[in-house]
Each structure stands twice: as C-alpha cells, then as structure tokens.
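Have a look at the structure below before the remarks.
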Amino acid sequence: MMMPLTLPSGTGMRARHFAAIVLALALVGTAYVAHTVGNWMNFARAPSTWSERDVPLPVTLGTLELSVPANLMRRVEERVAGGALERVNLAVLWPSLEGYSELRSRMFSDSGDMSPVFHIALADDATTMETSERLKRVWLSLASGEALPGPDGLALLPLPGDTSSGTDFVAHNVSGDGVFAARCFTPRDRALAANCERSIRVGERLFVTYRFRQAWLSDWRSLDARISALAGSLLR
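So, in structure tokens, the structure goes:
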C-alpha cells in the first residue's frame, strides 16, 4: 500500500532567503531516496550474513555502552563483541520487534510494500535535529503545497524538489501529546518500495533513526513508544 503519488502543486512561494535552502533540500531528498532504496535492496540480497544467536553482545557506541542481541544486528562486522562503533545498524520485525531467526527468515527477506522489516540505526549524537524538530524549523516553511489527509489523522505535507522520480513528503501530526513526523518517499517506479524514515532521541545522547514501509504509517501512534523502549532496553 503506497501513499498518493500525486500531491498538490506548489503554492508559488518564491522568498529569496528560502531559495538556497529549497535547492539544498531537493538535493538531500534525492540522496535520501537513493540511500534508502539501496539499503533495502542490499538487505534483501544478503540474508546469509544474519545470526540466529540472541546472546547480547557488548558494544561501545561513542560515550554509550550497549548490550545488543546478535540477531538484531544487521552487519557481521558490528557483531564483534566489545567493538567500538560510531553507529549500530539493527533490523526487527514489526510489530513483534523480534530479531532474525531461521523461522522468520522469509519475513526478513520480504521486499514488498507490506514488508514488516524495520531498519533501526543507533548513534551517540546529542546535537542532530530529530524529525519532529526539523518539521517545525524547516519543512513547514518549505512545503510546496497544502497538506493532504493521511492515515489515522496524519497530514501529508509535500516537499519541494524534482518530482520526476516520485513524491517526497512529510507525514505528520501535531497535537497536545506532541509532534510526530516522518519523511517519506513514494517512487513512481512501482517496482521500488515506498518508505518512511523518522529520527528520535532516547535520553540525552542515543539518536535513533528508524525506516519502514509506508503501509505502517497507520501505526504511527505506537511507533515511537515501541522503538524507544527497544532502544532504551539496549543501554547498559
């Protein structure tokens, strides 16, 4: 299930002081799409690199100490016990948040629009803006049209940039409970997956970025709580 491929046309906003930012945002959007598609394709092609072992491995992530089950870790080189890393790359199934096993291998290799695989990247980072903050500081001012209604109360805000390859937008909700925002891309090529990405911070320094299929946007009310709890449980 994909979000709409066609969003409203631009509002005509041409403020000069936004021009450079708009161009930069378009370039970032292109890189984001290539990065996301590439990661998903590489992931689906290399199931043999997974471990079924659920034994927790000690990991030093900048100033943070983590204990991460081996079957959550995507990369062989990151499963070196006691290794010092700048970033830890995980993958789990939604909504169970289970790691890899032979019984679940088919779900982990699912590359369809309903793939339950969530990619999660952990880093020691106290300064990078979370997605919700980026929405308020940047994207609301740069929107290329009015927001469309999305699943379960979300609004889909179109972003400027080259639309020849697909639609770049932010799915968001601003309420008394806080702000949810995820940057999403719907490719025009139906052979490619439609993905979303959101970044949050757990505590003061654990920066968590998770990527998922657009089909799971309808679960947005529970995403942060579940992902935050998982990431927080890995801290020692």
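Sequential numbering of the sequence shown, starting at 640, is according to my numbering. All C-beta atoms in this analysis are idealised placements derived from N, C-alpha and C, irrespective of residue type, glycine included. Note that the structure is a prediction, hence the values are computed from the model and not measured.
* Could you give the distance in angstroms between the alpha-carbon of residue 773 and the alpha-carbon of residue 761? -> In the sequence shown, counting from the first residue as 1, residue 773 sits at position 134. In the sequence shown, counting from the first residue as 1, residue 761 sits at position 122. Roughly 19 Å separates the two Cα atoms.
* Are residue 806 and residue 824 closer than 9 Å when you measure CB to CB? -> Reading the sequence shown from its first residue, position 167 is the one you call residue 806. Reading the sequence shown from its first residue, position 185 is the one you call residue 824. Residue 806 is a Cβ neighbour of residue 824, given a cutoff of 9 Å.
* To do: Grab the span of the alpha helix (DSSP H) containing residue 773 for me, first residue to last.
  => Counting from 1 along the sequence shown, the entry for residue 773 is found at position 134. If you look at residue 773, you'll find it in the alpha helix (DSSP H) that goes 770-773.
* Identify whether residue 734 lies in helix, strand or coil by the three-state DSSP scheme. => Translated into positions along the sequence shown, residue 734 becomes position 95. Of the three classes helix, strand and coil, the one that applies to residue 734 here is coil, per DSSP.
* Rounded straight-line distance, which links the Cα of residue 688 to that of residue 759 -> Against the sequence shown, residue 759 aligns to sequence position 120. Against the sequence shown, residue 688 aligns to sequence position 49. Cα-Cα distance, rounded: 17 Å.
* Asked: Between which two residues does the alpha helix (DSSP H) carrying residue 871 extend?
  -> Start at 1 with the first residue of the sequence shown, and residue 871 comes out as number 232. 859-872 is the span of the alpha helix (DSSP H), which, as asked, contains residue 871.
* Does the Cβ-Cβ distance between residue 755 and residue 733 come in under 9 Å? -> Sequence index remark: in the sequence shown, residue 755 carries index 116 (1-based). Sequence index remark: in the sequence shown, residue 733 carries index 94 (1-based). Contact: yes.
* Residue from 795, 737, 831 with nearest C-alpha to residue 865 -> The count along the sequence shown starts at 1 and reaches residue 865 at position 226. Distances from the alpha-carbon of residue 865 to those of 795, 737, 831 put 737 closest.
* For residue 713, collect the residues of the same chain with a Cβ closer than 6 Å to its Cβ; drop the 5 residues on either side in sequence, then sort them by chain order. => Working through the sequence shown from its first residue, we reach residue 713 at position 74. Counting only Cβ-Cβ distances below 6 Å, and skipping sequence neighbours, we find 728, 730.
* Beta-carbon proximity list for residue 765, same chain, < 7 Å, skipping 5 on both sides -> For the purposes of this step, residue 765 is identified with residue 126 of the sequence shown, where counting begins at 1. Answer for residue 765: 843, 844, listed in chain order.
* **Whole-number beta carbon distance between residue 857 and residue 816, since they are thought to touch under 8 Å** => Taking the sequence shown and counting its residues from 1, the one referred to as residue 816 is at position 177. Taking the sequence shown and counting its residues from 1, the one referred to as residue 857 is at position 218. By a beta-carbon distance limit of 8 Å, residue 816 does not contact residue 857. Their separation comes to about 17 Å.
* Asked: Buried or exposed: which applies to residue 780, given that a residue is buried once 16 or more other Cβ atoms fall within 10 Å of its Cβ?
  -> As a first step, residue 780 must be located in the sequence shown, where it is residue number 141. Its Cβ having fewer than 16 others within 10 Å, residue 780 is exposed.
* Tell me, please, which residues DSSP counts as bridged to residue 788. => Walking along the sequence shown from the start, residue 788 turns up at place 149. For residue 788, which the question treats as bridged, DSSP gives the partners 794.
* **Inter-residue spacing [alpha-carbon to alpha-carbon] between residue 809 and residue 798** => What you label residue 809 is simply residue 170 of the sequence shown in a count that begins at 1. What you label residue 798 is simply residue 159 of the sequence shown in a count that begins at 1. Our two residues, residue 809 and residue 798, have alpha carbons roughly 7 Å apart in a direct line.
* Quick one: Cα of residue 796 to Cα of residue 752, how far? -> By one-based count along the sequence shown, residue 796 stands at place 157. By one-based count along the sequence shown, residue 752 stands at place 113. Roughly 21 Å between the two C-alpha positions.
* Which whole-angstrom value is the C-beta distance of residue 767 and residue 846, which I expect to be below 8 Å? -> Stepping through the sequence shown from its first residue, residue 767 is reached at position 128. Stepping through the sequence shown from its first residue, residue 846 is reached at position 207. Their Cβ separation, rounded to whole angstroms, is 6 Å, which keeps residue 767 and residue 846 in contact under 8 Å.
* Starting from residue 852 and walking both ways along the beta strand (DSSP E), at which residues does that stretch end? -> Mapped onto the sequence shown, residue 852 falls at position 213. Start and end: 845-852.
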